[in-house]
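**Q** One structure coming up, written as structure tokens, with questions to follow.
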Amino acid sequence: MSQPSSIVWLRDDLRVADNPALLAAAERGAPVVVLYLLDEASPGLRPLGAASRWWLHHSLIALDASLAELGASLTLRRGAASEVLPALVREVGADAVFWNRRYSAARDVDAELKVSLREEGVAVCSFAASVLYEPWTLTTGAGDPYKVFTPFWKAALASEEPRAPVAAPHALEGHAAESELLEDWELLPTRPDWAEGLRATWTPGEQGAHERLEHFVEDGLALYHRRDEPGIEATSRLSPHLRFGEISPHQIRDRVQEGISPEAARNLATFLSEVGWREFSVNILFHWPDLATVNFRREFDEFPWGRPDPGQLEAWQEGRTGIPIVDAGMRELWATGWMHNRVRMIVASFLTKNLLVDWRVGEEWFWDTLVDADPANNAASWQWVAGSGADAAPYFRVFNPLLQAEKFDPDQEYIRRWVPELDTEEYPDPIVDLKASRDEALAAYEAVKAAKA
Numbered sequence: 001m002s003q004p005s006s007i008v009w010l011r012d013d014l015r016v017a018d019n020p021a022l023l024a025a026a027e028r029g030a031p032v033v034v035l036y037l038l039d040e041a042s043p044g045l046r047p048l049g050a051a052s053r054w055w056l057h058h059s060l061i062a063l064d065a066s067l068a069e070l071g072a073s074l075t076l077r078r079g080a081a082s083e084v085l086p087a088l089v090r091e092v093g094a095d096a097v098f099w100n101r102r103y104s105a106a107r108d109v110d111a112e113l114k115v116s117l118r119e120e121g122v123a124v125c126s127f128a129a130s131v132l133y134e135p136w137t138l139t140t141g142a143g144d145p146y147k148v149f150t151p152f153w154k155a156a157l158a159s160e161e162p163r164a165p166v167a168a169p170h171a172l173e174g175h176a177a178e179s180e181l182l183e184d185w186e187l188l189p190t191r192p193d194w195a196e197g198l199r200a201t202w203t204p205g206e207q208g209a210h211e212r213l214e215h216f217v218e219d220g221l222a223l224y225h226r227r228d229e230p231g232i233e234a235t236s237r238l239s240p241h242l243r244f245g246e247i248s249p250h251q252i253r254d255r256v257q258e259g260i261s262p263e264a265a266r267n268l269a270t271f272l273s274e275v276g277w278r279e280f281s282v283n284i285l286f287h288w289p290d291l292a293t294v295n296f297r298r299e300f301d302e303f304p305w306g307r308p309d310p311g312q313l314e315a316w317q318e319g320r321t322g323i324p325i326v327d328a329g330m331r332e333l334w335a336t337g338w339m340h341n342r343v344r345m346i347v348a349s350f351l352t353k354n355l356l357v358d359w360r361v362g363e364e365w366f367w368d369t370l371v372d373a374d375p376a377n378n379a380a381s382w383q384w385v386a387g388s389g390a391d392a393a394p395y396f397r398v399f400n401p402l403l404q405a406e407k408f409d410p411d412q413e414y415i416r417r418w419v420p421e422l423d424t425e426e427y428p429d430p431i432v433d434l435k436a437s438r439d440e441a442l443a444a445y446e447a448v449k450a451a452k453a
């Protein structure tokens with residue numbers, strides 16, 4: 001009788017180092033099948049947007065190469081996890097399945113699988129790998145989830161120290177299993193191929209993630225106090241690597257606290273608090289899994305979002321609004337699959353408060369065009385700007401994009417990089433009057449408040 005095997009089911013943890021599920025399976029000693037499942041059929045799972053699909057394709061190639069160095073390979077399957085995973089268990093004779101936990105609505109899929117597999121006599125082991133603090137570990141004195149970031153992060157810092165990163169397995173005994181072909185998944189754009197800017201900007205995969213981290217530690221962290229200035233490279237740009245789990249927050253936290261310059265050390269607490277915002281978003285999504293579709297503050301259900309004007313919405317999407325910093329941000333997004341965080345807030349405020357377009361429309365556009373489109377961060381951030389979210393910016397805080405540009409891009413370095421025709425007749429007039437549209441938004445909000453009173 002052949003030796004039973006183990007299955008490691010990877011999801012948003014596409015790395016070999018600091019991967020507790022992979023390490024546990026390796027230490028068990030049985031042959032290992034490493035599975036990536038493209039699941040667009042299970043309830044609660046949102047199909048990836050186009051930019052994320054591009055990233056996933058290249059990340060899986062990098063992961064397969066890393067596994068090959070350890071003696072294994074990546075098995076690719078498509079379909080609903082509730083059908084594909086049990087079938088693979090039977091196919092390879094597995095008696096143990098390992099995975100790292102998810103915190104979105106997809107956790108219901110995992111919970112049901114854990115029960116059904118155990119009923120079949122299969123051991124199922126899950127691990128914490130993608131957050132420093134799992135959502136149920138931090139609660140208020142009343143036992144409720146935190147809804148405000150500052151007390152959440154204060155409680156996190158006062159809690160038990162996060163674990164250190166774990167090493168990659170020294171070797172894996174790979175178990176052969178039939179795999180689908182990555183090319184058959186058609187994750188890459190072809191007609192047209194719009195990914196040239198993504199290829200020029202990013203190196204998906206675990207090695208690319210650590211190269212990005214080293215670059216930030218050496219050159220960016222010392223400038224992090226200027227992170228709101230989009231014209232300089234002062235942010236980590238680790239968000240897509242974190243979203244696909246090519247690097248873990250444990251690895252980032254561990255690395256930025258060793259061997260850094262005095263200038264970088266002065267920015268360390270601020271940088272870690274921004275990592276904390278990612279943790280907070282995961283915490284919110286865990287407790288409110290419909291965050292991408294339902295107002296966190298339900299009084300916003302009565303807000304009179306206008307039906308998007310097709311011409312205005314298209315102008316926003318394509319960076320033709322006549323508002324320079326908005327157009328620069330939207331063009332950066334289209335070209336690179338990423339946008340500077342300060343500019344994300346500006347373009348989101350412009351859409352929701354100057355154009356009075358429902359935040360969900362913007363969230364969907366970002367979901368499709370961002371390489372770091374994350375179920376927690378994307379939804380939480382859009383709701384934050386719209387005023388409907390947890391610990392949100394007050395609705396009456398309307399970002400004036402002209403003043404924001406004067407403050408954070410005073411030399412127009414960022415704007416001119418993406419809007420080279422700024423001073424020519426080719427650049428359009430603004431599609432909306434900023435003051436009049438701001439006044440209209442505030443009047444709409446006051447009407448909602450009055451109706452609630």
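Numbering-wise, full-length UniProt numbering puts 199 at position 199 of the sequence shown, and it's gapless, one number per residue.
Quick reminder that beta carbons are idealized off the backbone N, C-alpha and C, glycines included.
(1) Helix, strand or coil: how does DSSP classify Phe244 here?
(2) Compare the Cα-Cα distances from Ala315 to each of Leu355, Asp374, His250 and report the closest residue.
(3) Taking the alpha carbon of Glu178 as the point to measure from, which residue in Leu37, Ile346, Val217, Ala105 has its own alpha carbon closest?
(4) What beta strand (DSSP E) runs, 3 residues minimum, are completely inside the segment 204-236?
(5) Name the two residues that bound the continuous alpha helix (DSSP H) containing Asp108.
(6) In the segment 352-420, which residue ranges form an unbroken alpha helix (DSSP H) of at least 4 residues, counting only runs that do not cross its ends?
(7) Only counting the same chain, and skipping five residues up and downstream in sequence, which positions put a Cβ closer than 6 Å to that of Leu223?
(8) Whether or not the segment 103-120 and the segment 58-71 are in contact is what I'm after, with contact meaning three or more pairs of Cβ atoms, one per stretch, closer than 8 Å; do they touch?
(9) Can you name, in chain order, every residue of its own chain whose Cβ lies under 7 Å from the Cβ of Gly276, other than the five neighbours on each side?
(10) What does a CB cutoff of less than 7 Å around Ser273 pick up in its chain, not counting 5 residues either side in sequence?
(11) Starting from the C-beta of residue 456, find all residues in its chain whose C-beta is less than 7 Å away, skip the five residues before and the five after it, and write them out in chain order.
(12) How big is the Cα-Cα spacing for Arg227 and Leu351?
(13) Determine the closest residue to Ile323 out of Trp367, Glu406, Asn283, Ala17, with distance taken between C-alpha atoms.
(14) Just the Cα atoms here: how many angstroms apart are Thr190 and Trp55?
(15) Based on Cα-Cα distance, which residue from Ala335, Ala25, Arg255, Ala26 lies nearest to Phe216?
(16) Distance check for Arg253 and Leu221, CA to CA, integer angstroms please.
(17) Can you tell which of Phe366, Lys452, Val357, Asp409 has the C-alpha that lies nearest to the C-alpha of Ser437?
(18) Just confirm the distance between the C-beta atoms of Pro169 and Leu14, as a whole number of angstroms; I'd bet it's less than 8 Å.
(19) Would you tell me roughly how many angstroms separate the C-alpha atoms of Pro47 and Leu138, rounded to the nearest one?
(20) What's the C-alpha gap between Leu22 and Leu182?
(21) Report back the beta-carbon spacing between Ala451 and Glu302 to the nearest angstrom; my notes put them in contact at under 8 Å.
(22) Using CA atoms only, rank isn't needed, just tell me which of Phe286, His250, Asp184, Phe127 is closest to Asp108.
(23) Please classify Ser42: does DSSP put it in a helix, a strand, or coil?
(24) So, are the CB atoms of Pro151 and Pro249 less than 9 Å apart?
(25) Taking all protein chains shown into account, do 16 or more other C-beta atoms lie within 10 angstroms of the C-beta of Glu258, making it buried, or fewer, making it exposed?
(26) Contact between the segment 96-111 and the segment 126-143: three or more CB pairs below 8 Å?
(27) My output table needs one value for Asp423: the three-state DSSP class, helix, strand or coil.
(28) Roughly how far, in whole angstroms, is the beta-carbon of Leu113 from the beta-carbon of Leu67, given that I think they are within contact range, below 8 Å?
(29) Mind checking Met1: buried by the 16 CB within 10 Å criterion, or exposed?
(30) Please state whether the Cβ-Cβ distance between Thr201 and Ala335 is less than 9 Å.
**A** On the basis of the data shown:
(1) coil
(2) Leu355
(3) Leu37
(4) Counting whole runs of 3 or more residues, the segment 204-236 contains no beta strand (DSSP E) stretch at all.
(5) 107-119
(6) Those alpha helix (DSSP H) runs which fall completely within the segment 352-420 and span 4+ residues are 359-369, 375-386, 401-408, 413-418.
(7) Ala234
(8) no
(9) So the qualifying residues of the chain are Trp153, Ala156.
(10) Trp153
(11) As shown, the chain starts at 1 and ends at 453. That puts residue 456 outside it, with no answer to give.
(12) 23 Å
(13) Glu406
(14) 14 Å
(15) Arg255
(16) 13 Å
(17) Val357
(18) So it is not a contact: roughly 15 Å between Cβ atoms.
(19) 30 Å
(20) 21 Å
(21) 6 Å
(22) Among Phe286, His250, Asp184, Phe127, the Cα nearest to that of Asp108 belongs to Phe286.
(23) It is coil, neither helix nor strand.
(24) no
(25) Result: exposed.
(26) yes
(27) coil
(28) The pair is not a contact, with the Cβ atoms about 23 Å apart (cut-off 8 Å).
(29) With a pLDDT of 41 at Met1, under the threshold of 50, the modelled position of that residue is not reliable, and the figure given next carries that caveat. Flag for Met1 reads exposed.
(30) yes
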